[in-house]
Every structure is written in C-alpha cells, then in structure tokens.
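In what follows, a single structure is set out as structure tokens and then discussed.
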Amino acid sequence: MSRPLKVVALSGGTWRPSRTLVLTQALLAELGEQLPIESKLIELGDIARPLGAALARQELSAEIEAELQAIESADLLIVAAPVYRGSYPGLLKHLFDLIDLNALINTPVILAATGGSERHALVLDHQLRPLFSFFQALTLPIGVYATEADFSNYQITSEPLKARIRLAAERAAPLFGVHPKNLLKIA
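For the sequence shown, position 86 (counting from the first letter as 1) is numbered 86 according to full-length UniProt numbering, and the numbering increases by one without interruption.
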C-alpha cells in the first residue's frame, strides 16, 4: 500500500459525554493498529445545528461541505450511532440525505451503535445496513453494538466488546491487502 488509507469515522451522537464517541474512537484506534491510516473524526454534535438548518447541500457552510466531501472520498467509513426510540438519530439520516448518491459505491463501512440495552442491537441490521445498501456501500458483516453496561465512566470496560472491536478491525484489514494472523472466529 503506497499511501495511508483515508478513514473517516462519524460519531452520530449529539451529546457529550458520549459512549458513541468512545466506541467510535476505539474502532478508529484498533483500525490504526491493523492498517496504515490517515484518520478523520466527525462528531455530529459539532455540526448539528447548521446541518439541521440546511434543506439542500447548497445551503451548507464551507466547513460542513468539507465534512461531507471527507465522507464521500473516504477509503473506509466507520459510522456509529446512538439508538434512540428504536433507530439512529434523524439528524444522522439528514446528513446522509445530503451525500451524493454515487459517492459511497463500494466503500467499505464498519457499522456500530450504542444503546441502553441489548434490545436495540438489531439497529445495525435493520436500520443502518439498509441505509448503506441504498448507497451501494460495502458494509462489513461484523458490526459492533455496545450497551451502557459495557462502559464505566465513559471508558470501555467490557472484554467481549473490546474483542468485538478487534474482530471488526481484523475483518476490515483484508479488504486492503493486510491479512492479520490468528483471526478470531467469534467475539
């Protein structure tokens, strides 16, 4: 690989502190252990108000336009969302409503979500995966879901969650010609 991969990680929460942000950062860090990356972290909360006020992409500020262009030009996306009332936030959907229809074709995406309990774990497959299927992106079959019980003081304390994060990064690496040894079969 002649250049580092452009990895854009989008934390889809709007509040701080944020378990979704912690999970996003952990995925980004683990991916950096597996692959040579150049990373960019986008926090939805940082752009929420001006993003929500725009009805069309032409109404966006140059700063937010640059964030959308970063998403569109990524070699790999990490998209993490908090679960609220059974789905990801509407503002996260609004952001993707402004993404070019063809920009994410064949772009690998690691999906992640956080929620209050295990009851919302299917948000990965029933909400996020269809969104990226529409864009013809390549969602990794391994998603990462975390509950409040996986954290203590906004730090990941769950060993199974840490293993799942490693597994997601290991499954992404072969897409870019890196083949980790001793792949985990399950986490």
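For glycine and all other residues, C-beta sits at the position ideal for the given N, C-alpha and C.
(request) Scan the segment 134-172 and note each continuous alpha helix (DSSP H) run of 4 residues or more that stays entirely inside, going in chain order. (result) Runs found: 159-172.
(message) Tell me whether the segment 1-14 and the segment 76-84 touch, counting them as touching only if at least three CB pairs, one residue from each stretch, are closer than 8 Å.
(response) yes
(message) Below 8 Å on the Cβ atoms is my contact criterion, and I expect ARG129 with LEU111 to pass it. Report the Cβ-Cβ distance as a whole number of Å.
(response) 7 Å
(request) Assuming PRO26 and ILE142 form a contact by the criterion Cβ under 8 Å, report the distance between their Cβ atoms to the nearest whole angstrom. (result) It should be pointed out that residue 26 corresponds to Ala in this sequence rather than to Pro. Not really, about 14 Å apart at Cβ, beyond 8 Å.
(request) Report the partner residues of LYS6 according to the DSSP bridge assignment. (result) GLU38
(message) Rounded to whole angstroms, what is the Cα-Cα separation between GLU59 and PRO50?
(response) 9 Å
(request) With a threshold of 16 other CB atoms inside 10 Å of the CB of SER61, please say whether the residue is buried or exposed. (result) Its Cβ having fewer than 16 others within 10 Å, SER61 is exposed.
(request) May I have the straight-line CA-CA distance separating PHE134 from THR107, to the nearest angstrom? (result) 12 Å
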